[in-house]
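Inspection log for the structure reproduced underneath, given as structure tokens.
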Amino acid sequence: MKRTNYCGLFSERDVGKRTTACGWVETKRDMGGVIFIDLVDREGVLQIVFNPAYTSPEAFALAERVRNQSTLMVEGEMFLRDEETVNTKIDTGTVELRVTHAVLLSACGDLPFNPAEADDVREDLRLKYRYLDLRRKRLRDNIRFRHRVTSSIRRFMDDEGFIDVETPILTKSTPEGARDYLVPSRIHPGSFYALPQSPQLFKQLLMVSGFDRYYQIARCFRDEDLRADRQPEFTQLDLEMSFVEMEDVLTLLENLLRHVMLDVKGIRYADPFPRFTWAEAMDRYGSDKPDLRFDLPIVDITDLKAVSEFSVFSKVVEAGGVVRAITLPGQYDLTRSTINELTDFAISEGAGGMAWIAWRPSGEIYSILTKYIEEQNLLELLRRVGAEPGDFVLFSADKLDIVRRVTGALRLRLGDMLGLRDPDKFAFAIVTDFPMFEYNEEEDRYTAQHHPFTMPFEEDFDYLLTDPLRVRSQAYDFVLNGTELGSGSIRIHRSDIQTRVFQALGLSDQEIGERFGFIINAFKYGAPPHGGFAFGLDRLVMILAGEQSLRDVIAFPKIRDASCPMTDAPSTVDEVQLDELSICLADAIRPERDRAITKENKRRAELNIKRLAEESRLQISQKDEAGMQDSLLELISFADALHEVDTDGVEPTYSPSESHDVWLTERDDRALTAEDALANAPESRQQFFFVPPVVE
RNA sequence: GGCGCAGUAGUUCAGACGGUUAGAAUGCCAGCCUGUCAAGCUGGAGGUCGAGGGUUCGAGUCCCUUCUGCGUCGCCA
23 MKRTNYCGLF SERDVGKRTT ACGWVETKRD MGGVIFIDLV DREGVLQIVF NPAYTSPEAF
83 ALAERVRNQS TLMVEGEMFL RDEETVNTKI DTGTVELRVT HAVLLSACGD LPFNPAEADD
143 VREDLRLKYR YLDLRRKRLR DNIRFRHRVT SSIRRFMDDE GFIDVETPIL TKSTPEGARD
203 YLVPSRIHPG SFYALPQSPQ LFKQLLMVSG FDRYYQIARC FRDEDLRADR QPEFTQLDLE
263 MSFVEMEDVL TLLENLLRHV MLDVKGIRYA DPFPRFTWAE AMDRYGSDKP DLRFDLPIVD
323 ITDLKAVSEF SVFSKVVEAG GVVRAITLPG QYDLTRSTIN ELTDFAISEG AGGMAWIAWR
383 PSGEIYSILT KYIEEQNLLE LLRRVGAEPG DFVLFSADKL DIVRRVTGAL RLRLGDMLGL
443 RDPDKFAFAI VTDFPMFEYN EEEDRYTAQH HPFTMPFEED FDYLLTDPLR VRSQAYDFVL
503 NGTELGSGSI RIHRSDIQTR VFQALGLSDQ EIGERFGFII NAFKYGAPPH GGFAFGLDRL
563 VMILAGEQSL RDVIAFPKIR DASCPMTDAP STVDEVQLDE LSICLADAIR PERDRAITKE
623 NKRRAELNIK RLAEESRLQI SQKDEAGMQD SLLELISFAD ALHEVDTDGV EPTYSPSESH
683 DVWLTERDDR ALTAEDALAN APESRQQFFF VPPVVE
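This is the structure we're talking about:
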């Protein structure tokens, strides 16, 4: 079975040639005497024509009854189309294959939905039939685009001397970070592997081993709740470099992203990627992942005279808070309801309220603030925030972290409102100097903001145990369009510093030893200074492909409850498997599992032995009835179990008897002696199987 | 776990104030049709209005409970 070419790749060069094409029936146009079929494969569409003038009667009959999404192989001659029948919408629109012979390779049954026009179909249905869903051009294009991104990355990493090394999927659970996916060990009852949240420790150990430059397109697992941009298993480009400083890693990453953007999007970036320290990003954009597709900067006005004149502001300042503003150029005429919506939104983000100024083009300042603030001070304020007549200015005053959150959220909301978040624009940003720790109120301890292997700034070493919140780390993020693409850091390569960081996180010496002993140990045998990065490949592809959900760039994604509608994973397993793993389920989830048993009980009720007995003209006692019921149920469940058995690829069995079975065409020609045949008989006499008498 | 949106034919959707037999498009089945390209025309089948309860003479529509999907917050070093 050979095709001449992909459907979508035929051209006028093939005209006049004997041609074979294979593909899926996308649409059929049956004119009665002539039938057109759009045959598609991954490369595109080809029109094939059935006409009794040149098509065999069998092939024509096939074309009449074939249904959409069936697979066909057709043979015929390629013709140039008449000028008026050319279809400019498809690449092969100037030619058509006139079919002489056709084979139905596989018929398509009733479709749950038509993949040719499935863009609006319910997502859960699409995911249940993901193989059909993936026939859609849009998804196919996404998956192929993803492949282009990964190959571009691999080419770059290769050229830069990085070595692709695989790291374990079955590994050790570590207490920091996200919830682990656990895998029970059969050989070590009660012990568990964890699936890696990232190859973090292994890549650091590869640096200790001297590989110098490592990368991997690695699957990572985190057992946390899903979002449109978050899957429980996802893919990272993971890399690590030795004998480097932060600048080296940032330069490499920037070059990588430039390379990829040019490769897959044809976009060349003239300027260096904008860089901010964490504090700058938080102050100017109210976020550690600023969306730089638009400006709308946040401006601090805490020190202005105008602020001290308005008591709502001045009280905040006296309490150590800040006052900040965002200017919307040309938006002086926002409606009252829009302003109210923005105010409600600010309040929902934690603000107490939202003051604002509409500076009319006439120069009139329209605002409640004019009642409290002298005009000259108000003008100074407007100058500070860069406003001009015709602009709208809004304010947030509160504690620093609240103002950052509120202004950051407002800025994005305003960006959406004004249509500034252009999906065709790709704005990168680099954020550095993250705080080393943050305080976790729930656990009443500090946790690492990046991860505990991040090197603090040397000048902050002394605060590690005295004032952890003051410690900055040599960590950095790459941000694209307001989404965190990934993060990295220079790592700790000295065991003494690593130990102090663990102590700052509140880990006891014993915990440190048990959980991380191997890496602290490794650093005792000569470790290079090293640093690296990991970025979310799925997210990068999603943004570049212009999709809103990771599910549209992953071939077989999970849904919101982390399950897979197609395979029904995760699923319960039988007792035998659990026993082997020394696992017993909590009482609380038993009822769920006992559904199978309920089914059994239902069957018991349906099984009317008395009636069976009457129909068989048998008289049975009550005791026999119960026994019979049990035996029958046992038989039924045995049949069920047999039904479940996967017999694909199992050797057929043979009967030694001479009798013919019309269904069983295979024959076993081995000669069988009587001894062989009776080998398992409980009792045999003179080559006969002895059967004890049943009826006296 | 909280909040929001959605659930009506295989699919995508409409369904006023609660009122006859719940509609459309598409798909499916049958018939017609030799140049279509989202082919067209004629006819037909197809519904537990997510499920359960309530109010009512009467519920797709109102009320309560519940299930499912999506989004969002918590969570995600």
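The first sequence runs contiguously to residue 718 in the working numbering.
C-beta: ideal position from N, C-alpha, C; glycine also.
From a predicted model like this one, the values you see are computed outputs, not experimental measurements.
Taking DSSP as the reference, what is the three-state secondary structure of residue i?
i, result
"I209", "coil"
"P613", "The pLDDT assigned to P613 is 48, lower than 50, so where the model puts this residue is not dependable, and the model offers no usable value."
"P478", "strand"
"A129", "coil"
"N623", "Because N623 sits at a pLDDT of 46, beneath the cut-off of 50, its placement in the model cannot be relied upon, and the following sentence gives the value as read from the coordinates. Looking at N623 - three-state DSSP - the assignment turns out to be helix."
"K14", "Because the chain here runs from 23 to 718, residue 14 falls outside it and cannot be looked at."
"V716", "For V716, the pLDDT reaches just 43, beneath the cut-off of 50, and the residue's location in the model is therefore unreliable, leaving the point undetermined."
"A43", "strand"
"C606", "coil"
"Q708", "coil"
"T107", "helix"
"R443", "coil"
"M50", "Checking the sequence, you will find Lys at residue 50 rather than Met. In the structure shown, K50 sits in a strand (DSSP, three-state: E or B)."
"G38", "coil"
Can you have a look at residue i and say buried or exposed, based on whether 16 or more other CB atoms are within 10 angstroms of its CB?
i, result
"M304", "buried"
"G558", "buried"
"Y461", "exposed"
"D63", "buried"
"V598", "exposed"
"C44", "buried"
"Q520", "buried"
"S359", "exposed"
"L607", "exposed"
"D142", "exposed"
"G98", "buried"
Got a sec, what are the start and stop residues for the alpha helix (DSSP H) residue i sits in?
i, result
"N362", "R358 to S370"
"M564", "L559 to A567"
"D531", "D531 to A544"
"Y153", "R152 to D155"
"I519", "S517 to A526"
"A83", "P79 to R87"
Quick check on this structure: which residue in the options has the alpha carbon closest to the alpha carbon of residue i?
i, options, result
"T122", "A85, P137, L102 and D155", "A85"
"L156", "G649, V321, I605 and V575", "V575"
"S309", "Q238, E397 and V453", "V453"
"F101", "L94, G115 and T93", "G115"
"R492", "A526, S509 and N503", "A526"
"F32", "E118, Q226 and V96", "E118"
"R730", "R162, I57, R87 and V37", "Residue 730 falls outside the range modelled here, since the chain spans only 23 to 718, and no answer is possible."
"L279", "A129, R176, D142 and S92", "R176"
"R435", "E465, V501, L350 and R494", "L350"
"V266", "R522, Y151 and S511", "S511"
"Y151", "D132, D163 and R166", "D132"
Is the CB-CB distance between residue i and residue j below 7 Å?
i, j, result
"D146", "P592", "no"
"E371", "A431", "yes"
"V339", "T324", "yes"
"V47", "N109", "no"
"C242", "Q258", "yes"
"G548", "R513", "no"
"I603", "P190", "For the record, residue 603 in the displayed sequence is Leu; it is not Ile. Result no, Cβ atoms of L603 and P190 do not sit closer than 7 Å."
"Q253", "K580", "yes"
"D413", "W381", "yes"
"P218", "D260", "no"
"R168", "L318", "no"
"T476", "S495", "yes"
"P490", "F459", "yes"
"V329", "V344", "no"
"D560", "F214", "no"
"L572", "D251", "yes"
At what residues does the beta strand (DSSP E) containing residue i begin and finish?
i, result
"S509", "T505 to I512"
"N462", "F459 to N462"
"S264", "E255 to S264"
"R13", "Since the first residue shown for the chain is 23 and the last is 718, residue 13 is missing from the structure and cannot be characterised."
"L403", "No beta strand (DSSP E) contains L403, which is instead part of the alpha helix (DSSP H) from E397 to R406."
"Y498", "A497 to L502"
"M95", "T93 to L102"
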